[in-house]
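Novice: Structure provided below as structure tokens; questions to follow.
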Amino acid sequence: MKNSLLKKSALASIAIAVTLVCGSAAAEMKIVSKGMGGEVNPPLAPLPPIPEVMDNKNTPEKIELGKILFFDPRIGGDASVSCASCHDPAQGWAWAEDFSRGYPGTVHWRNSQTVVNSQYMKKQFWAGGASSGMNQARSAAKGGVAGNGEDDLMEVRLALIPEYKKRFKDVFGDEWPLIRNVWRAMASFETTLISDNTPLDAYLKGDKSALSDQQKKGMKLFNGKANCIECHNGPLATDERYYNIGVPTAGRWDEDGMAQITFRFEQYAKGVTEDMYRHIKDDAGFYYRSKNKWDKGKFRTPNLRYTAYTAPYMHNGAFYTMEEVVDFYNRGGVDEDGNTTSFPQNKSKLIKPLGLSDDEKEDLLAFLEAFSGDEIEIEKPELPDYAPLFTKAELMEAKK
Amino acid sequence: MSQKLIKRGRLMMAVTGLSLAIVATTGLAADTDIGPLPKLKTDLLKAELGKRLFFDKRISGDAGISCSTCHDPEHGFSHPDALSPGYPGNKHFRNSPSLINVSHKKTWMHDGRIGTNLNDATREMITEDYTMNMDMRIMQERTKQDPEYVRMFKEAGYGEPSNGSIRKAIPEFMKTLTSRGAPFDTGKMSRSAKRGQKVFEGKGGCTACHNGANFNDDKAHNTGVPENFDVFLDPMRHQAFLAWGLFLGIENLYAQKRDPGAHIQTHKADGSDMGKFMTPSLRELSYTAPYMHNGMIKTLEDVVDFYNEGGGQDSHKSELMKPLNLSSKEQKDLVSFLKALSGDRLEGQEFVWDQAYPAEYAPIANWRKVRN
Chain F
1 MKNSLLKKSA LASIAIAVTL VCGSAAAEMK IVSKGMGGEV NPPLAPLPPI PEVMDNKNTP
61 EKIELGKILF FDPRIGGDAS VSCASCHDPA QGWAWAEDFS RGYPGTVHWR NSQTVVNSQY
121 MKKQFWAGGA SSGMNQARSA AKGGVAGNGE DDLMEVRLAL IPEYKKRFKD VFGDEWPLIR
181 NVWRAMASFE TTLISDNTPL DAYLKGDKSA LSDQQKKGMK LFNGKANCIE CHNGPLATDE
241 RYYNIGVPTA GRWDEDGMAQ ITFRFEQYAK GVTEDMYRHI KDDAGFYYRS KNKWDKGKFR
301 TPNLRYTAYT APYMHNGAFY TMEEVVDFYN RGGVDEDGNT TSFPQNKSKL IKPLGLSDDE
361 KEDLLAFLEA FSGDEIEIEK PELPDYAPLF TKAELMEAKK
Chain S
401 MSQKLIKRGR LMMAVTGLSL AIVATTGLAA DTDIGPLPKL KTDLLKAELG KRLFFDKRIS
461 GDAGISCSTC HDPEHGFSHP DALSPGYPGN KHFRNSPSLI NVSHKKTWMH DGRIGTNLND
521 ATREMITEDY TMNMDMRIMQ ERTKQDPEYV RMFKEAGYGE PSNGSIRKAI PEFMKTLTSR
581 GAPFDTGKMS RSAKRGQKVF EGKGGCTACH NGANFNDDKA HNTGVPENFD VFLDPMRHQA
641 FLAWGLFLGI ENLYAQKRDP GAHIQTHKAD GSDMGKFMTP SLRELSYTAP YMHNGMIKTL
701 EDVVDFYNEG GGQDSHKSEL MKPLNLSSKE QKDLVSFLKA LSGDRLEGQE FVWDQAYPAE
761 YAPIANWRKV RN
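Sequence lines, in order, name chains F and S.
According to the working numbering, the stretch in the first sequence is residues 1 to 400, in order.
According to the working numbering, the stretch in the second sequence is residues 401 to 772, in order.
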């Protein structure tokens, strides 16, 4: 721990030295910025090739299998919702409402995040509840307000679909499909959903014309006055750390009975004290995992790529436009009605009024558009049919 | 705690003494004798709450089915299909048994996998993925969202709605589903039925298994009922069978071409316990066709015919099963007797929740200020 800190600060001084040496060119690109803790924020950077997942290596066959499974509602409780139901390719591979749709009879309690570029993330879900795409897929398919599937039934369904039986055997070698391999195949498929043809990537790779002058001004604000880079840094524009930035509690909980049900269910399911269950009225975020009171209201920084397609924004979908988001930050983490987090004691010191002028806000918004490239479309796969395992003749021959 | 146990022990001894005394004087109360069902004390408010829950689709995962979907009061709280519908997204692999007199059993499910109490049987049906697939935490919060439930739970003495109380209230309602008015109990049997009773207890040998007030021995037997191939030919049903078998540890599951039944209780290595099923009650049969664990026999006449021939084909068939050589008159009389075991229809408001449920969950007003 100590060692790595030393290394980091040594690296930081080298980076600063480089900046100084390179002079004006580097200053213009603002490739480094210094954070509160004296650490250096990694600069925005082109999206690198996706790293190989060492315990789930990709093959074309595995990816293809994962693609079919992603769209197959039989991976779920009542065979009516698939991954693609809440991560709809036509809605940015997410869901275009504040809260995600839920399993039939329920509504979710958080915003559905896009699958695009998600496999770069080491912390899945808004509170980092899964450490890999495989685990994310499993939790989502089984969660009571998401897929509500059970391992037993989902696994045996696959055995009754001859095409799956063959594909699983080819890819994983097992005689019969195993549910754990469903998550592996899905995660493999999701590594192919990459958006890296953005104006930002082109610019960062050296095409200076890829950003407009206004966007370049916006980038300066991003790295400087607006200080977005403090958390939204590196190739994904996220540090994957947890912050309370002041997002107010969801208004939907005041008026939507089904959402109130899910809210209480989540408190119950996540194992808070009875006192907390009785009184809490907002999503405590990372607290549910750490159970440290200073983590209430903290969420993992989302990445900014593909955001042109993934409105609304924030863990509870509080803001439907990027304008609202920028205004929220400009006011210091306060919405237009003056509301902020239900856990103000944990609000990050990084969040303060930015003093951006209207022009500057426009510049910043223009730059944020540069995080999105072409929309990723897909031809939905044809789902294979069930078939009986036996013929009637085989059943009649069976000895009793 | 120990005090309580001692008291309970004494009470039990007293009760045992009492029943011995009755046996000695009347000779009627021995366990295996057929006779009227004992009355069950029910808590009216709890049973009323249980009734509302029983007919409420919100008690299933996707709010698509209620208990009454498969246990339909129109059919003696069973289902008229050979195999039960099951949860949306799959179908079931066994016949839905009648819930009338279900409180008078000691073991539940055709394979007898629940041997504790009706609370557990209720939990099994609510949570199992191929039946109601309900996360009980969501179920609890759904009931808390309905002011009518909040009122009913409180008035029934349960406090606020909870999944634990739901699993108590539904069995309380099921206690009200007790036969009444059967000619056998009222003593108003036809002559044919009376003759049938003699066959039942004598030449038919039915009381070997169908005994006691509920006409069942709470044991599993292999009578050689033919397989219902739909279980294996319809992937929607087969998946429920496989999910059941996977959970219960059936070996070589995907090669199974028959329902192992109560084998899941005893797991005999030689398979001699394969194909045993729990003896069902014979009460209310007039409403609960088709018959057997897989609905393979459609009428009572066919059932009697099946037994008259000594049951079906099975290498592990019970030795109790042999041809009965009943005359056609005896068979008719036996059917008459079986029909005399059916009482009044359990219908109307006493047994069926006929008020509408709210179309959606109303929000709790002033949400941020009130306790959850």
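Yeah, the Cβ is synthetic: ideal placement off N, Cα and C, and Gly gets one too.
Because the structure is a prediction, the values reported are computed rather than measured.
Using alpha carbons as the reference points, say which of F:157, F:51, F:124 lies closest to residue 79 of chain F.
Specialist: By alpha-carbon distance to residue 79 of chain F, the top candidate from F:157, F:51, F:124 is F:157.
Novice: From S:451, S:480, S:485, S:447, pick the residue whose C-alpha is nearest to that of residue 465 of chain S; which is it?
Specialist: Cα-wise, what sits closest to residue 465 of chain S is S:485.
Novice: Are the beta-carbon atoms of residue 401 of chain F and residue 45 of chain F separated by less than 8 Å?
Specialist: Coverage of chain F is limited to positions 1 through 400, which leaves residue 401 of chain F absent and any answer about it impossible.
Novice: Taking only beta carbons into account, state which residues of the stretch 520 to 554 of chain S come closer than 8 Å to chain F, listed in chain order.
Specialist: 529, 530, 533, 535, 537, 538, 540, 541, 542, 544, 545
Novice: Give the single residue among F:389, F:176, F:285, F:102 whose Cα lies nearest to the Cα of residue 126 of chain F.
Specialist: F:285
Novice: Can you tell me where the alpha helix (DSSP H) holding residue 525 of chain S begins and where it ends?
Specialist: Unbroken alpha helix (DSSP H) run through residue 525 of chain S: 518 to 527.
Novice: Pull out every residue of the stretch 70 to 86 of chain F whose Cβ sits closer than 7 Å to any Cβ of chain S, in chain order.
Specialist: Flagged, chain order: 77, 78, 79, 80.
Novice: Would DSSP call residue 125 of chain F helix, strand or coil?
Specialist: coil
Novice: Can you give me the Cβ contacts of residue 136 of chain F inside the same chain, cut-off strictly under 6 Å, excluding the 5 residues immediately before and after it?
Specialist: Closer than 6 Å at the Cβ level, and outside the excluded window around residue 136 of chain F, lie 124, 130.
Novice: Would residue 687 of chain S and residue 742 of chain S be called neighbours here (beta carbons separated by less than 8 Å)?
Specialist: yes
Novice: Run through DSSP, which three-state label would residue 564 of chain S get?
Specialist: helix
Novice: Using 7 Å as the cut-off, classify the Cβ of residue 373 of chain F as near or not near the heavy atoms of the ligand HEM, replying yes or no.
Specialist: With respect to small molecules bound, the structure shown includes none, and the ligand HEM cannot be examined in it.
Novice: Would residue 690 of chain S count as contacting chain F if we go by Cβ distances under 8 Å?
Specialist: no
Novice: What's the C-alpha gap between residue 112 of chain F and residue 61 of chain F?
Specialist: 28 Å
Novice: Once the 5 residues before and after residue 754 of chain S are set aside, which same chain residues still bring their CB inside 7 Å of it?
Specialist: Nothing listed; no residue qualifies.
Novice: Kindly indicate if chain F contains any beta-carbon less than 8 Å away from that of residue 693 of chain S.
Specialist: no
Novice: If you draw a straight line from the C-alpha of residue 353 of chain F to the C-alpha of residue 333 of chain F, how long is it?
Specialist: 8 Å
Novice: Anything in chain S within Cβ reach of residue 169 of chain F, meaning under 9 Å, just list it in chain order.
Specialist: Chain S residues near residue 169 of chain F: none, gap ~13 Å exceeds 9 Å.
Novice: With 8 Å set as the bound, which would you pick, yes or no: does the beta-carbon of residue 33 of chain F sit closer than that to a beta-carbon of chain S?
Specialist: Annotation note: pLDDT 48 at residue 33 of chain F (below 50); position unreliable, no value reported.
Novice: What's the C-alpha gap between residue 391 of chain F and residue 385 of chain F?
Specialist: 16 Å
Novice: Going by DSSP in three states, residue 710 of chain S sits in which element: helix, strand or coil?
Specialist: In the three-state scheme derived from DSSP, where H, G and I count as helix and E and B as strand, residue 710 of chain S is classed as coil.
Novice: Kindly identify the DSSP beta-bridge partner or partners of residue 101 of chain F.
Specialist: F:107
Novice: For a quick check, are the C-beta atoms of residue 41 of chain F and residue 229 of chain F less than 8 Å apart?
Specialist: The answer is yes: Cβ separation under 8 Å.
Novice: Bridge partners for residue 676 of chain S per DSSP, in chain order?
Specialist: In the DSSP output, where bridge partners are listed per residue, residue 676 of chain S has S:661.
Novice: Rounded to whole angstroms, what's the CA-CA distance from residue 296 of chain F to residue 313 of chain F? Just pull it up for me.
Specialist: 19 Å
Novice: Tell me where the alpha helix (DSSP H) around residue 647 of chain S begins and ends.
Specialist: 635 to 648
Novice: So who's on the other strand from residue 88 of chain F, going by DSSP bridges?
Specialist: F:94
Novice: Quick one, which of S:623, S:583, S:555 has its alpha-carbon nearest residue 744 of chain S's?
Specialist: S:583
Novice: Only counting the same chain, and skipping five residues up and downstream in sequence, which positions put a Cβ closer than 6 Å to that of residue 366 of chain F?
Specialist: 214, 215, 218
Novice: Could you tell me whether the Cβ of residue 757 of chain S comes closer than 8 Å to any Cβ of chain F?
Specialist: no
Novice: Quick one: any contact between the stretch 707 to 727 of chain S and the stretch 563 to 570 of chain S, if contact means 3 or more CB pairs under 8 Å?
Specialist: The stretch 707 to 727 of chain S vs the stretch 563 to 570 of chain S: no contact.
Novice: Residue 249 of chain F: buried (16+ other C-beta within 10 angstroms of its C-beta) or exposed?
Specialist: A residue is called buried once 16 or more other Cβ atoms fall within 10 Å of its Cβ, and residue 249 of chain F is buried on that count.
Novice: By alpha-carbon positions, which one of S:496, S:515, S:495 ends up nearest to residue 504 of chain S?
Specialist: S:515
Novice: Thinking residue 148 of chain F and residue 533 of chain S are a contact (beta carbons under 8 Å), I'd like their distance in whole angstroms, please.
Specialist: 6 Å
Novice: Please classify residue 580 of chain S as buried or exposed, where buried requires at least 16 neighbouring CB atoms within 10 angstroms.
Specialist: With fewer than 16 neighbouring CB atoms inside 10 Å of its own CB, residue 580 of chain S falls in the exposed class.
Novice: Can you pull the chain S residues whose beta carbon is under 7 Å from the beta carbon of residue 272 of chain F, in chain order?
Specialist: Residues of chain S passing the Cβ test: none, with the nearest at roughly 10 Å.
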